[in-house]
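4 protein chains.
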Amino acid sequence: MSTKNAEYYEIQQCSIQWKAFLKAFSVEFASKGDVKDLRAFMHQLGRTMASEFSIGDGSSLFALEAGINKVWLQLNWGWVEIIEEVDSLILAHHASPLKVAFGPEALSWSPALLEGIYAQWFDGLGMDKTLRLSQRDTILEDGQLFVYELKKQVEEPSYFTRR
Amino acid sequence: MSTKNAEYYEIQQCSIQWKAFLKAFSVEFASKGDVKDLRAFMHQLGRTMASEFSIGDGSSLFALEAGINKVWLQLNWGWVEIIEEVDSLILAHHASPLKVAFGPEALSWSPALLEGIYAQWFDGLGMDKTLRLSQRDTILEDGQLFVYELKKQVEEPSYFTRR
Amino acid sequence: MSTKNAEYYEIQQCSIQWKAFLKAFSVEFASKGDVKDLRAFMHQLGRTMASEFSIGDGSSLFALEAGINKVWLQLNWGWVEIIEEVDSLILAHHASPLKVAFGPEALSWSPALLEGIYAQWFDGLGMDKTLRLSQRDTILEDGQLFVYELKKQVEEPSYFTRR
Amino acid sequence: MSTKNAEYYEIQQCSIQWKAFLKAFSVEFASKGDVKDLRAFMHQLGRTMASEFSIGDGSSLFALEAGINKVWLQLNWGWVEIIEEVDSLILAHHASPLKVAFGPEALSWSPALLEGIYAQWFDGLGMDKTLRLSQRDTILEDGQLFVYELKKQVEEPSYFTRR
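Protein chains in written order, with my numbering: chain H, 1 to 163; chain C, 164 to 326; chain L, 327 to 489; chain B, 490 to 652.
Now the structure itself:
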């Protein structure tokens, strides 16, 4: 697909009803805190949003991916690929409207919304408490691909257990 | 129109792409401050949003109403009636998606968004600085009608000018 | 709801992407035949459309109404009430976009589209072959309510069975 | 852009409200005539549609392209590039929803809709009567690019003028 078509589709994807509101929200919100705070708020928003949707039982990775994509398709929020790796599960989220909605300058914090949504959904599936879902640093494909990974959290040895 | 049709249309008006996000935003945001703070933030958001749109030159009230409604129609944010009263200008905003987007429980603060938008637009028209646009307290027609008025701000006599 | 709000919502309901196409279709199509032909084509279109959707098993009237309304809500085509009468089943379809899409002048034939859809869905449920679904003549609530009824087709006594 | 993103955006572009109707229309309509008839009807539909929109004065090719793209953007029907060639004007229409709306199998006739729209708009601009707008045979970029050209119609020499 040509770059101009890609841009056209990206821009049109975000509902015109809320585009200006979301852009204004992004500007005002970004002025209120640092990236860490913004991410924490977006993550929490995501967790709250997640509870509005049912993604099915996640009886298999295939069923889980299908259940999640049914939600994303209905919202027009793109689509996810779930990839199993040796010690983690990768969620590659494509074609989300976040870049257009919140602006390219918000890409350091806006994807924490999806992080919160996925984290909440995986918690709801009764995920092992030692697992943690977090976004990988790199933004790929010019803001069209965000990668999240679910893996065992490596605990820093605490002061007392360290010797 | 039957109540059920009215409810149907109200619910469908709000873009499904952002409905769950806006609802979650409303919940999280409302937990962060009191009504006065929430209104101030929404008012500011409205002012920032306003600058995205051109409402024409406002050469007459009729032209102004038409220019504003062109924006609202495109966004599917309802429609406004501008009514001239003896000492004020009334903006009656009908059929906005705010109640469905932010929830009925947010009606004490969500309409400050429109207040900010209108205030910014009137400032942009070079409005007399002694005029002030503010929302009237009453929410009418079950959250389908918000009323704003633009009038000369009555200054409380200050301590020093009082005798 | 005020008349002006009702009009606003009706107009906005029909997707702007296809509104002009559908209006042009209505004008050109109406010039090609009489009402009976137009209704037959729309009915057939409806039957073809119906097969795109699953309305569930219709295990009860309540389940059937819910299954159908799930489709209508997703398409933003209004909502249906199913009412059981002594010798027929009534389908009252509210808030459809047909009047705005095809124009008020097409109301004599455009609702045959819904007739075809419902007829196909009921056929798919294994409905008794002597039953027939057809639209009642009256258009109600200014094009916002169409009524269909499913009832045993009364056969005109034929020449030979008559005495 | 990845193929899967391209497919995702193409599919989502077509309004869900009318997608099933348009698909059914395409199936039923295609069964009624040969490609020539279908193109003639679509061309006529396009001419009727065109009159719903104002594309400005076409005072320059640049203004014309901008005026047309304003309409396409609002409808989410893609975008056009106007290219001046020695003896013709080329209209390259990208990212239209026609393939998804009417189906890939309708690509032999569905683009006649745009042909009719452009023909009507150019007529409205007071175009030289010897010019004729028609679609070039080739469908490019997998149904994402249709090319129309406006050029002087070469008249076949008739029997009597031939020597």
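All C-beta atoms in this analysis are idealised placements derived from N, C-alpha and C, irrespective of residue type, glycine included.
- If you draw a straight line from the Cα of B/F611 to the Cα of L/A427, it comes to about 26 Å.
- In this structure L/F355 is buried. Its beta-carbon is surrounded by 16 or more other beta-carbon atoms within 10 angstroms.
- Between L/V353 and chain B, the shortest Cβ-Cβ separation is below 9 Å.
- Minimum Cα-Cα distance from L/T456 among the listed residues L/D363, L/L476 and L/G384 corresponds to L/L476.
- Neighbours of C/S178 across chain H, judged by C-beta separation under 8 Å: S15, Q17 and W18.
- Taking 9 Å as the cut-off, the Cβ atoms of B/G556 and B/S543 count as close.
- Under the three-state reduction of DSSP output, C/E228 falls in the helix class.
- Three or more Cβ pairs drawn from the region 294 to 303 of chain C and the region 274 to 285 of chain C lie within less than 8 Å of each other, which places the two stretches in contact.
- Shortest Cα-Cα distance from C/D300 to any of C/K262, C/V249 and C/Y311 involves C/Y311.
- Secondary structure note for H/D137: its beta strand (DSSP E) is the uninterrupted segment L131 to L140.
- Within chain C, A183, K186 and A187 have C-beta atoms less than 8 Å from the C-beta of H/E52, given in sequence order.
- Between B/D576 and B/K525, the C-beta spacing is not below 9 Å.
- Here the alpha carbons of H/P104 and C/E170 stand approximately 36 Å from one another.
- In the three-state reduction of the DSSP assignment, C/V234 falls in the helix class.
- Chain-ordered listing is empty here: chain C has no CB closer than 7 Å to the CB of L/Q479, the nearest sitting near 31 Å.
- Rounded to whole angstroms, H/N69 and H/W79 show a C-alpha spacing of 6 Å.
- For C/I179, no beta strand (DSSP E) encloses it; the enclosing alpha helix (DSSP H) starts and ends at I179 to A193.
- Distance from L/S436 to L/L424 at the Cβ level is roughly 5 Å; contact confirmed, criterion being Cβ atoms closer than 8 Å.
- Residue contact check for C/P260 against chain H: a CB pair falls below 9 Å.
- At a cut-off of 9 Å between C-beta atoms, B/M490 counts as an interface residue with respect to chain H.
- For L/F428, there is no enclosing beta strand (DSSP E); the enclosing alpha helix (DSSP H) has its first and last residue at L424 to F428.
- Assignment of beta-bridge partners to B/K641 by DSSP yields B/L620.
- When the Cα atoms are used, H/A20 and C/W240 turn out to be separated by approximately 12 Å.
- Using beta-carbon distances, H/N69 does not count as an interface residue toward chain C, since no partner is under 9 Å.
- Annotated three-state conformation of B/V524 is helix, per DSSP.
- Counted as a single uninterrupted DSSP element, the beta strand (DSSP E) harbouring C/A255 occupies residues S251 to H257.
- At a cut-off of 9 Å, the C-beta of L/Q370 has a neighbouring C-beta in chain B.
- Distance from the CA of C/H206 to the CA of C/Q180, rounded to the nearest whole angstrom, comes to 24 Å.
- Contact between H/F41 and C/L208 does not hold, since their C-beta atoms are separated by about 15 Å, which reaches or exceeds 8 Å.
- Setting aside the 5 residues that flank it on each side, B/L527 is surrounded in the same chain by W598, each with a C-beta closer than 6 Å to its C-beta; the list follows chain order.
- In this structure, C/M164 sits away from L/T374, with a CB-CB distance that is not shorter than 9 Å.
- B/T537 has a beta carbon lying within less than 9 Å of a beta carbon in chain L.
- At least 9 Å separates the beta-carbon of H/Y9 from that of B/Y607.
- Contact annotation for C/L238 against chain H: I16, Q17 and A20 [CB-CB distance below 8 Å, chain order].
- Of C/M290, C/L252 and C/Q298, the smallest CA-CA separation from C/G279 is found for C/Q298.
- Interface flag for C/F285 against chain H is unset, since no Cβ pair is found closer than 9 Å.
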